[in-house]
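Protein chains in written order, with this note's numbering: chain A, 51 to 372; chain B, 51 to 372; chain C, 333 to 834; chain D, 69 to 379.
Cβ coordinates follow ideal geometry from the N, Cα and C atoms, glycine included.
Below is one structure; the comments refer to it alone.
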Amino acid sequence: MQQVTQMQATKRPNVLQQVREAGILAVLLLGALIFSFTVPSFFTVDNVISGIGLSAAINTVVAIGLTYVIITGGIDLSVGSVAALAAVIGADLMQRGTPALLAVLIALAVGALAGLINGLLVTRVKLAPFIVTLGTMTFYRGLALSYTNGQPILSMPDGFKQALGGTVAGLPMPLVIAVLLVILGSLLLRYTKTGQYILAIGGNAEAVRLSGINVSRYTTLTYVISGVMAAVAALVLVAQLGAAEPILGNGWELNAIAAAVVGGASLSGGKGNIVGALLGALLLSMLQNVLTLLNVQAFYQMLATGLIIIGAMVIDRYTRGE
Amino acid sequence: MQQVTQMQATKRPNVLQQVREAGILAVLLLGALIFSFTVPSFFTVDNVISGIGLSAAINTVVAIGLTYVIITGGIDLSVGSVAALAAVIGADLMQRGTPALLAVLIALAVGALAGLINGLLVTRVKLAPFIVTLGTMTFYRGLALSYTNGQPILSMPDGFKQALGGTVAGLPMPLVIAVLLVILGSLLLRYTKTGQYILAIGGNAEAVRLSGINVSRYTTLTYVISGVMAAVAALVLVAQLGAAEPILGNGWELNAIAAAVVGGASLSGGKGNIVGALLGALLLSMLQNVLTLLNVQAFYQMLATGLIIIGAMVIDRYTRGE
Amino acid sequence: MTALLSAHDIRKAFSGVTVLQGVSFSVEPGEVHALLGENGAGKSTLLKTLFGIYQADSGVLRVDGQEVTFRGPRDAQRHGVAMIHQELALVPELSVAQNVLLGQEGQGPWLNYRHLNDRARPYLDQVGLQVDPRRPVRQLTIAQQQMVEIARALALQARVIIMDEPTSSLAMQEIEALYGVIRTLTARGVGIVYVSHHFDEIEALADRVTVLRDGQHIATVDQRAVTREQLVSMMVGRDIPALHGQAPRPLGDVRLDVRGLTRRGVFEDVTFQVCAGEIVTLAGLIGSGRTDVLRAVYGADGGVTGTVHLDGEALARRSPDRLMRRGVGFIAEDRRQQGIVPDAPVSLNLLLTSWAKGKVGLGARESRAVVEPLMERLRVRPANPQQIIRRLSGGNQQKVILARWLAAGCTLLLIDEPTRGIDVASKADLYALLDELAAQGVAVLMVSSELPEVLRLSDRVLVMRGGRVAGELSRQEASEERILALATGANADATGYADASD
Amino acid sequence: ATFSPDAEKDRIDSTQLTAKFGPVPKLPADTRIGGVMKALSNEYWQLLRKGYQNGARKYGVQVDAQAPSNESDQIGQLSMMNTMMGKGYKAFLLSPQTDANLLPGVQRAKDRQLLTINVNDALVSTTPHFVGNIQRQNGVSVAEYLIKTFPAGGKVAVIEGQPGVYAAGQRTGGFKDTLAKSKFKIVASVPANWDRQQAFNVARDILRKNPDLTAFYANNDTMALGVVEAVKSAGRLGKTLVFGTDGINAAYDSIKKGELTGTVDSFPVLTGEVAMEVTVRLLAGQKLPRVIATPQALVTKANYKQYEQFK
Ligand SMILES: Nc1ncnc2c1ncn2[C@@H]1O[C@H](COP(=O)(O)OP(=O)(O)OP(=O)(O)O)[C@@H](O)[C@H]1O
Ligand SMILES: Nc1ncnc2c1ncn2[C@@H]1O[C@H](COP(=O)(O)OP(=O)(O)OP(=O)(O)O)[C@@H](O)[C@H]1O
Ligand SMILES: [Mg+2]
Ligand SMILES: [Mg+2]
């Protein structure tokens with residue numbers, strides 16, 4: 051008898067978990083289904099791939115980084131500013147004739163460094179992540195603005211635009227990059243020790259510390275990842291738009307946090323998954339796409355967006371059936 | 051022997067706690083002192099009251115409400131939109147000839163209702179506070195915009211402007227209102243059961259629930275308080291400006307969260323104090339004021355703001371000596 | 333023989349309050365060295381110093397005779413020291429195997445789940461825990477989690493294992509398993525530091541015993557050379573009331589009437605009554621569903637069917653706040669997650685419910701008048717109502733939670749593992765207190781895994797097995813053997829299974 | 069009752085100032101003028117600031133122009149103005165974020181007999197003078213150009229600025245109202261919040277649904293440049309026209325390359341210079357009309373050379 055209850059208990063979580071992860075996917079598919087029938091030109095390969103997918107790509111990349119931070123129970127408000135800083139430095143270098151590859155690497159390093167500073171302030175100086183990244187959000191933005199004197203940097207090399215903003219096998223590069231990073235990010239989180247420690251820190255940092263694991267190091271790492279992801283997103287965007295602006299990335303943090311949370315991350319830490327971030331970003335983009343296709347007037351767009359975000363979360367919750 | 055040690059233990063926390071609360075106060079006073087000597091026209095009644103006071107007053111009022119929410123471990127991103135909604139409804143009523151007092155009460159009720167909706171979605175539907183208030187932030191803003199069709203509502207009755215935007219005994223009303231609400235808010239938090247429950251819920255909601263306390267009700271209440279405070283802030287601002295705009299309150303949430311956190315609230319809940327929110331708001335306003343007086347250019351203002359916010363938190367931390 | 337790990341003349345104070353003073357302690361290869369002392373005596377603090385969580389203010393640590401400093405748990409682990417913490421230190425979202433091997437995943441950056449599960453398996457077997465290593469720890473009962481902690485210490489292959497009240501949430505069977513584990517380990521030359529408030533365990537396991545009182549080293553003695561009474565008097569320095577015997581109590585009307593309580597997959601068709609003035613215990617093995625039944629009665633979880641009547645009135649929509657107002661009290665099993673508000677002072681933790689009932693106001697004098705006598709009566713140390721409860725020793729925290737319901741008053745008390753982590757002296761106090769409550773007409777429904785406690789307190793014992801009530805024993809019928817037989821299902825016919833259904 | 073520079077009778081074009089009021093009088097060299105800008109995150113406002121500085125140099129006065137860190141920090145802008153009032157400026161050049169947010173500041177300035185001049189963007193009805201271009205006219209001129217170029221009409225789309233913001237509402241309104249009487253059909257009018265990335269995304273969606281779109285009108289150049297990228301990636305460059313507003317340098321560059329079709333340049337540098345001239349004249353005691361309209365023009369590849377001199 052006892053054996054039986056235990057076996058039931060063993061099985062249940064797996065099925066439950068699958069349904070749970072599927073919650074947001076269900077919402078997404080349901081939405082897609084409804085819109086396919088109601089919104090003309092919604093369900094075309096082109097609209098789905100390069101309309102929704104492409105515009106979700108940037109947000110997805112940023113949200114991947116943020117998901118890591120959020121899992122540890124932290125937050126990174128500075129992603130948009132880090133993106134701007136990496137973008138203008140990278141673009142400026144390219145404009146001055148630095149080889150694109152080198153410029154890209156330097157931009158990524160800028161992102162990493164900016165993230166490292168965030169991480170060290172959080173883990174070594176032990177300040178609240180919110181306040182640290184609120185401060186650096188302003189600071190990095192100020193840096194980007196004074197670096198460029200507020201001007202956009204135009205005319206990126208074509209090779210660079212092609213490499214990050216073009217298409218491969220008919221698929222837009224930004225989308226390909228986002229999907230690759232989602233896969234990579236998932237693997238890192240689920241199948242490496244590092245990922246496991248990051249999850250564990252969010253669950254019970256004290257327990258992890260007592261296991262002799264360097265909690266500070268792994269927590270800092272998440273901020274570095276977040277910075278690098280912001281830089282990647284920035285480079286992809288610059289390649290697409292052909293210009294790097296110091297005001298680029300304004301408001302990214304909110305969109306990315308939203309994508310991560312819609313995708314199942316919990317702001318109190320310990321929970322989160324990268325595929326969820328992708329799904330969350332897709333859901334938000336789909337929403338934007340449909341409202342544009344339907345030519346909903348600005349004010350009503352806001353009403354609809356608010357309602358649908360909450361509605362999606364309600365459906366998600368009841369699908370998960372918790 | 052044990053008696054002695056126990057008496058020490060009884061006394062010490064109080065002293066410690068005082069020093070702790072003084073941390074941010076010390077930063078504030080230190081800043082004020084330095085600026086009084088180094089920045090011309092900083093230490094004048096006029097500058098302190100109208101340069102620092104007004105913006106601090108509005109932010110303080112919003113931050114009071116947010117502090118409650120944050121203490122329970124929640125967040126309210128919708129304050130700015132709630133403010134706008136309350137403002138335009140109240141102003142519209144006044145413009146149509148409703149007595150000012152009634153209009154004010156209705157505006158407060160709108161704030162309370164908006165907060166209630168947030169609260170119920172968090173506690174009854176059990177959605178994440180971040181996502182709920184992100185959704186309602188957009189939704190309430192859309193409501194305010196469509197209610198007014200995007201137009202400002204001008205020409206408020208003089209009595210109303212005088213009552214909330216004028217002066218009493220030489221002090222500007224907004225400041226008086228903010229200080230009164232700080233006192234009230236502190237009393238509520240420290241000297242009522244409601245306040246104690248709110249603090250306890252932030253500490254361990256499950257334990258409080260199992261103690262037979264209706265955790266949902268008190269958590270919802272914090273969102274209602276936050277909504278009402280946003281409405282108060284909005285009315286004060288409308289009285290000052292003599293006009294209500296549907297885009298009023300944009301970005302308030304970040305300023306208010308910053309004030310609350312600088313003032314000692316912890317986003318993971320359980321910690322926070324209302325006087326701290328006031329001090330935090332004052333610190334942020336003072337910073338802005340000094341940078342303007344020094345005629346620091348916008349980009350460098352951002353650099354300085356970021357640095358000083360983090361610097362203040364570092365000083366605060368080491369003053370607290372944890 | 334050189335000691336594996338030794339501490340000499342340790343002093344430790346927290347913000348000026350001395351907790352340990354001149355304490356020396358050592359553990360040798362193959363020995364079990366028990367540490368005894370009242371709640372708050374400083375046992376956990378000493379152990380945390382040995383494990384590098386705290387750094388002593390003065391004194392030295394030695395490993396194999398070599399002086400060492402531990403700057404953190406990592407250093408201690410490197411020197412072959414592992415610790416099982418009094419408050420569980422597991423990551424709820426990770427699987428059992430991941431928890432067992434946390435920080436020991438092996439070489440390379442990758443995580444091989446199958447490999448982890450396979451490696452965790454033997455340690456789980458050693459402690460006799462039959463759960464799927466892939467299950468998240470969050471879904472385990474607290475007792476099962478305790479076993480995971482033990483398995484984790486084994487996985488470290490440590491030469492010294494510090495065990496801070498490892499049995500406080502275990503029942504008989506698991507404790508036996510733990511004995512086995514410890515004996516295997518000591519046979520291999522591992523040294524064990526063992527803290528428990530149970531003399532049975534000390535007598536069964538310990539080679540030497542060190543007694544602490546108020547942070548002072550009282551004595552280190554050979555366990556076989558002292559009696560229980562001698563140890564107790566070293567610990568408390570006063571006489572304590574005997575723990576045995578209690579005449580049958582006069583019972584009042586039926587207060588709690590539970591019928592067909594079911595939560596699918598967890599417990600099924602649970603039916604019983606508790607009368608005013610009666611103490612009824614739910615006994616059983618861990619995982620038998622006792623905690624869940626208790627929570628279901630209180631309305632703490634959803635998804636429960638069946639009826640609950642209180643004083644003849646049906647409680648249709650049960651929730652903790654409604655039941656509290658009806659005079660029901662509840663003390664959860666998991667003190668840290670569900671009992672205390674950790675960063676709040678003792679007074680808030682104690683008065684939370686009384687405030688809600690309007691029994692006490694917030695005034696300082698008024699609350700002191702309620703809090704101080706209760707703290708005195710339950711011997712909470714330090715007797716400072718303003719102390720942050722997290723800084724109290726585990727046993728003292730438990731007393732505060734009990735005091736919460738004494739202050740609020742209740743006519744039905746639901747209490748899960750009431751004496752978890754409580755020292756002998758306080759346990760006696762507590763038993764007397766529960767007797768007194770019963771005598772006042774309070775109905776008590778208790779879950780306990782400690783058989784002597786069950787026998788000492790209960791008017792009736794309901795034994796659960798696999799989510800069902802397997803049998804009911806009156807005070808006269810109850811014995812350790814019969815309870816165990818019912819709990820395990822051995823010889824069910826011979827032990828009055830038929831009594832179960834009424 | 070509300071003030072509208074458009075309808076105001078008491079109005080003069082900036083080009084006529086010297087003809088009507090003579091040369092610019094001289095003020096004491098230590099005369100200080102304060103500028104309260106909307107923000108500095110958009111190039112437009114940086115150019116206006118440059119105009120202030122040029123004008124100050126030209127007329128021998130000093131100017132400090134400050135801006136809050138973002139375009140929607142209304143209280144911040146008001147506090148900034150209040151703070152600056154303690155510093156001894158003789159006049160304030162105001163570019164308010166909304167119609168209302170600087171009202172108390174203007175009142176305080178009046179109480180202290182300081183001059184306030186509304187320069188561009190939202191309108192503070194209580195300022196005695198307004199210098200700038202007519203926001204509505206921005207949209208009108210693009211619409212008129214379209215009607216003239218495509219008498220047969222076609223499909224157009226509007227990329228709006230942040231919902232509820234004055235300039236966005238006025239520009240969109242002017243554009244739509246003018247087209248209402250034509251054969252053009254407005255197939256989409258959606259917000260992109262002044263943001264290049266959002267404009268890019270939204271424009272792509274619109275193009276996908278309306279591949280035969282004749283033209284986009286964007287409420288500012290930043291968004292217009294995002295739209296251009298969308299048009300390029302849809303292979304519609306030259307077929308779908310793109311118009312912006314503001315006349316920032318990047319827009320000129322794009323026009324020269326033949327990508328952006330046109331921008332309604334309101335000559336921020338020139339506007340800044342005129343604002344400074346007007347301030348100096350007023351401080352010297354001249355009586356000027358209430359509204360001084362600064363020039364604006366639809367700049368296209370055909371005519372950009374004649375406007376470049378104002379940069
Ligand atoms: N971090 C801390 N800050 C202040 N005081 C503390 C702290 N940790 C422990 N104490 C105090 O030190 C004393 C000893 O506590 P300790 O946890 O070592 O007791 P213990 O012997 O393990 O008791 P128990 O049997 O209840 O677990 C107690 O009075 C406790 O309040
Ligand atoms: N959250 C949960 N999810 C899934 N299964 C659970 C959960 N909580 C408990 N269980 C399972 O329900 C059964 C009964 O658990 P319960 O805690 O009621 O047992 P118990 O007899 O009180 O044991 P213990 O002494 O360990 O508390 C166990 O098999 C346990 O694994
Ligand atoms: Mg202990
Ligand atoms: Mg139990």
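How would you list, in chain order, the residues of chain D whose beta-carbon sits under 7 angstroms from the beta-carbon of residue i?
i	result
B:Ala376	Any answer about residue 376 of chain B is impossible in this case: the structure gives chain B only from 51 up to 372.
A:Leu343	Asp273 and Lys277
Can residue i and residue j be called in contact, C-beta distance under 9 angstroms?
i	j	result
D:Phe284	D:Leu305	no
C:Leu738	C:Leu777	no
C:Val513	C:His365	no
B:Leu353	A:Gly314	no
C:Leu710	C:Leu765	yes
B:Ile164	B:Ala293	Per the sequence shown, the amino acid found at residue 164 of chain B is Ala instead of Ile. Taking 9 angstroms as the Cβ cut-off, B:Ala164 and B:Ala293 do not qualify as a contacting pair.
C:Glu437	A:Lys243	yes
Under 9 angstroms between C-beta atoms, does residue i make it to chain D?
i	result
B:Phe349	yes
Who are the Cβ neighbours of residue i in its own chain at under 6 angstroms, not counting the five residues just before and after it?
i	result
B:Ile108	Ala283 and Leu287
C:Ala509	Val459 and Gly460
D:Pro93	Ala352
For chain C, is any of its Cβ atoms less than 9 angstroms away from the one on residue i?
i	result
B:Leu234	no
A:Thr270	no
A:Lys176	no
B:Arg259	yes
B:Gly326	no
A:Gly161	no
If you drop the 5 nearest sequence neighbours on each side, which residues of the same chain put their C-beta closer than 8 angstroms to that of residue i?
i	result
C:Ala490	Gln409, Gly412, Val413, Ala414 and Val522
D:Gln265	Gly294
B:Ala77	In the sequence on display, residue 77 of chain B carries Val and not Ala. Only Leu333, Ala362, Ile365, Asp366 and Thr369 meet the Cβ criterion.
A:Ala310	Ala113, Leu116, Thr117, Ile120, Gly322, Gly326, Ala327 and Gly330
Anything in chain A within Cβ reach of residue i, meaning under 7 angstroms, just list it in chain order.
i	result
B:Leu317	Ala178 and Phe180
Counting contacts by CB-CB distance shorter than 9 angstroms, is residue i in contact with chain B?
i	result
A:Leu171	yes
A:Val340	no
D:Lys158	no
So, does the CB of residue i fall closer than 9 angstroms to a CB anywhere in chain A?
i	result
B:Tyr190	yes
D:Ala318	yes
D:Asp132	no
Note down, in chain order, every chain C residue with its Cβ under 8 angstroms from the Cβ of residue i.
i	result
A:Thr110	Within 8 angstroms Cβ-Cβ: nothing; A:Thr110 doesn't reach chain C, min ~23 angstroms.
Tell me which residues pass a beta-carbon proximity test against ligand 3: closer than 6 angstroms to any heavy atom, given in chain order. C:Lys375, C:Ser376, C:Gln418, C:Asp496, C:Ser725 and C:Gly726
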